[in-house]
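S.K.: Be aware that the sequence shown starts at 1, since it is given in full-length UniProt numbering, and climbs by one per residue. Quick one: this structure, given as structure tokens, is what I'll be asking you about.
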Amino acid sequence: MAEAHGCPTTPPHWRDRAACIGEDPEIFFPLSDGLAAGADARAAMAVCRRCPVLLDCRSWAVEHGEDDGIWGATTAAQRRALRRAGHDTLASPVYVRGEAGDTQDE
């Protein structure tokens, strides 16, 4: 209603537009950390790849050191690699397409 009177409203947070809203949270926290985790990770990655806020989600997870689960179609190991490489790789086509391979922390 405030918008009708010319007062701007706060734009929705990126999380409010995420494709994972309403999905089972368990699929985003597979037992294995790698992309080879099988069906657990594939289900989450499929949701992420159709998400309009994939890069916002990924950026948030990298910037906040999120070390659990799938965020922005990346595993925790991939996000650690992104943090080490710097944020300029966040929009890398390899990560957007999900072809990052077996980026694992030792």
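Even glycine gets a Cβ: it sits at the ideal position worked out from N, Cα and C.
For the ligand ATP, I want to know if residue 51 counts as a neighbour, meaning its beta carbon is within less than 7 Å of at least one of the ligand's heavy atoms.
M.R.: As presented, the structure is devoid of all ligands, the ligand ATP included, so that no description of it is given.
S.K.: For residue 98, which residues of its own chain have a beta-carbon under 7 Å away from its beta-carbon, when the five flanking residues on both sides are left out?
M.R.: A caution first: residue 98 carries a pLDDT of 45, below 50, which makes its placement in the model unreliable, though a value can still be read off. 45, 49 and 73, listed in sequence order.
S.K.: Assuming the contact rule is C-beta atoms closer than 8 Å, residue 28 and residue 69 should be a hit. Round their C-beta distance to whole Å, please.
M.R.: 5 Å
S.K.: Just to confirm my understanding: we take residue 23, look at its own chain, exclude 5 residues before and 5 after, and list those with CB closer than 7 Å. What are they?
M.R.: 47
S.K.: Can you list, in chain order, the stretches of the alpha helix (DSSP H) that have 4 or more residues and sit fully within the UniProt domain "4Fe-4S Wbl-type" (19-81)?
M.R.: 39-49 and 54-63
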